[in-house]
Amino acid sequence: MTDKSEDLASSDSSSPRANTTMSSKNSAARIPAPEKPETVRTRSLVIAAFWCMIIFFGFPIWWKTTSVYRARLPIEAMVDWANGKTCRPVFPLEIYFTASSMPVSDAQHLIRSTQHTLDDLNEFSAHSLRLKLVDSQWDGDNSTVNGDEVALSVKLLPQEGLSAPKSVLHADTTQLDVFYPPHQIPVPSSSNSPLSTFVAEELQALFSEEKATIAHILSSSSAAGPNINAPISSNNPVGSAIRNIDSPQLVETIIRRLRRSMRYAETYHLSFSLFTPGSQPSSWDVEAAVEEYLAPLLQAFTPISNFTIDTQVQVYATFSPTAPLPEYDDSQGVWTLKTEDLSAFINAAEWPLSPSIGAGPTINFILYVPAPSQAPLVVKENRATSWIIPQWGGVVLLSPPLSTDNENPSNPSHLPQESLRPAFMTFSHQLLTLLGAPATPASLPLRLQTLTRIRAATLLLSASSTMGSLARLTESLPSIPIPASVATSVSATLSHLSSACSLLHQGRFAAALASARVAETEAERSFFEKSMVGQVYFPDEHKVAVYLPLLGPVGVPLVVGLLKELKRIARSRKAKGGMSS
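The opening residue of the sequence shown carries number 33 in this note's numbering; numbering runs sequentially from there.
So, in structure tokens, the structure goes:
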């Protein structure tokens, strides 16, 4: 018992010391040892080094490598061109008169009175006729005189036995012969005369379709001027020009022609194809036919566009499976195709047609020789053997004389040049229509001059509209890059637009077309720049999706470490302030 009592006493006496030791150990575990000043300074320097690298090296490098280069564009000038504030297209046509059999004073008076009558008849000031009297020795063959383009040359010729003036337009030149009775020469005391009225009406009729076409083009574009798209009224010259056209059907004809014609291009590719459902004909004199019947027309088009040509022959070319087969008309004794079925005539799935060869658009011309069992083949409603496919090409149905060498009639194995003449004459008319040439007047050179002015106006307005679209695009999408090449193209576009507008005012339409062509090319190049188009469809959400997985794991430790260090510095300063107080 004594030993046990001593052990309990000794254990009781030693328990306070044991409790004190255990509590000190727990306190030491809970309270970390104070950091050495060298450790704190090292951690601060590491954090500061990381953030210095980010601020002074990482961020500038990222900014430099990811920044979008945007060349400066003349936005205000581009918008002014698009809104028609910079240039108002005008078309002053120079018409030269020669009157060898008329006194100079009488001829000058006739020109003045005719000009006054034309000015009274003209409701569209953007298109005007300027009459000039030239030396009677001028033969009218020159297209330019003193640098001015001559739209038309008029020869006043007296003729006995006439009761009223008459005119004859040369089909192959730009010359108009006006025959008048000698007694109708206007005297200086008269303000008007039947001869001057007749000449003014003839000139007005010659250029009526051109004037209406240009008025329609200008009215359809916002780049033609601020008053172009105004409602038709007496204060709107374009609307008045369209409204005062003598033939109400002329406007519909113009709209239909513009819809059928191809978009302007500097070079067109012409593809001539011979198709037949059998094995014959298998050859044709297409090269000779092109050279004889089409080459002069293509040469006349040289100031406007260039052409490349290819040909092909396809035998066993059947109708499209979806196209209704021809029907035999007993009353007419011919095979017929309905007008509504013509659109399905082309078998695009099996016929080797070339929709786009080379840089320019392709115009397809198809000569189809039907089988002897389905010949002759015509359109049912009008017995036509040809039709135009708008903005694509033309088709001609040719039924040559059948060969009777065998018991069964068959198509000839070869089509000579003479048998191709009707088809290629039709192709030439279809080509004029597809290229947008007007139907009047009868003179082909005059029609080509009209087409030159129409194309110049179209390209000028198209390039101006493209400049406006590019300006709106660059302002609405500030994140897309604008390379220096775009700025160069825009500068070239504006320069050639100014040149084209100035040349139009001077009446130099061929040179204006050349400048407008360059302006259109440069405008299209600037608008469809590859680097710009690629960035148009890259929204900001994609950038967040790219950067967040990369910067999140790196940025969070850096930000948390910086915040802790800032808190430590704040506590240290606060503790020093309390001790000093």
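Idealized CB from N, CA, C, for every residue including glycine.
- Using a 10 angstroms sphere on the CB of Trp94, the tally of other CB atoms stays under 16, which defines it as exposed.
- In the DSSP annotation of this structure, the continuous segment of the beta strand (DSSP E) that includes Glu359 starts and ends at Glu359 to Asp361.
- In the same chain as Leu153, and ignoring 5 residues on each side of it, the C-beta atoms closer than 7 angstroms to its own belong to Ala232 and Gln236, in chain order.
- The residue from Gln423, Gln147, Lys198 and Pro313 with its alpha-carbon nearest to that of His446 is Pro313.
- Here the alpha carbon of Val78 sits roughly 22 angstroms from the alpha carbon of Leu582.
- Rounded to the nearest angstrom, the gap between the Cα atoms of Ser547 and Leu374 is 40 angstroms.
- Pairing Tyr300 with Ile395 gives a Cβ-Cβ distance under 8 angstroms.
- As computed with DSSP, Gln207 is found in a beta bridge with Ser185.
- Leu161 and Glu242 have their C-alpha atoms roughly 12 angstroms apart.
- In this structure, the CA atom of Thr245 is about 36 angstroms from the CA atom of Met134.
- Between the stretch 100–108 and the stretch 202–212, the count of Cβ pairs shorter than 8 angstroms is below three; the stretches do not touch.
- Runs of the beta strand (DSSP E) lying entirely within the stretch 290–357 and spanning at least 3 residues, in chain order: 299–307 and 338–346.
- Judged by DSSP in its simplified three-state form, Thr458 adopts helix.
- In the three-state reduction of the DSSP assignment, Phe156 falls in the coil class, being assigned neither a helical nor a strand state.
- Rounded to the nearest whole angstrom, the CA to CA distance from Ala455 to Thr465 is 15 angstroms.
- Residue burial annotation: Pro218 is buried, with at least 16 other C-beta atoms found within 10 angstroms of its C-beta.
- When the beta-carbon positions are compared, Val411 and Thr371 come within less than 8 angstroms of each other.
- In its chain, beyond the 5 residues on either side, Leu208, Asp209, Val210 and Glu234 have a beta carbon closer than 7 angstroms to the beta carbon of Ser199.
- Put simply, of Asp138, Leu238 and Ala114 the residue whose alpha carbon is nearest the alpha carbon of Pro220 is Asp138.
- Closest in alpha carbon position to Lys187, among Leu142, Arg75 and Leu535, is Leu142.
- Runs of the beta strand (DSSP E) lying entirely within the stretch 411–494, each at least 3 residues long, are 418–421 and 425–429 in chain order.
- When only Cα atoms are considered, Phe89 and Ser501 end up about 39 angstroms apart.
- According to DSSP, Phe397 shares a beta bridge with Phe304 and Gly426.
- Bridge pairing for Phe82: absent [DSSP].
- Leaving aside the five residues that flank Ser311 on each side, the residues in its chain whose CB is nearer than 6 angstroms to its CB run, in chain order, Val347.
- Going by C-alpha positions, Pro432 is about 14 angstroms away from Pro309.
- The beta-bridge partner set that DSSP reports for Val366 consists of Asp361.
- DSSP places Thr130 inside the beta strand (DSSP E), whose first and last residues are Phe123 to Thr130.
- For Leu535, the uninterrupted alpha helix (DSSP H) segment begins and ends at Ala516 to Gln538.
- Between Phe560 and the set Gln147, Ala519 and Pro589, the nearest pair of CA atoms involves Ala519.
- Annotated three-state conformation of Pro213 is coil, per DSSP.
- Nearest in C-alpha terms to Phe156, of all of Arg120, Ser145, Pro473 and Ala327, is Arg120.
- With a contact defined as Cβ atoms closer than 8 angstroms, Ile514 and Thr506 qualify at about 6 angstroms.
- In this structure, the CA atom of Pro448 is about 28 angstroms from the CA atom of Thr334.
- Linking Asp167 to Leu189 through their CA atoms gives a straight-line distance of about 15 angstroms.
- Counting along the chain, no alpha helix (DSSP H) covers Val200; the unbroken beta strand (DSSP E) around it starts and ends at Lys198 to Leu201.
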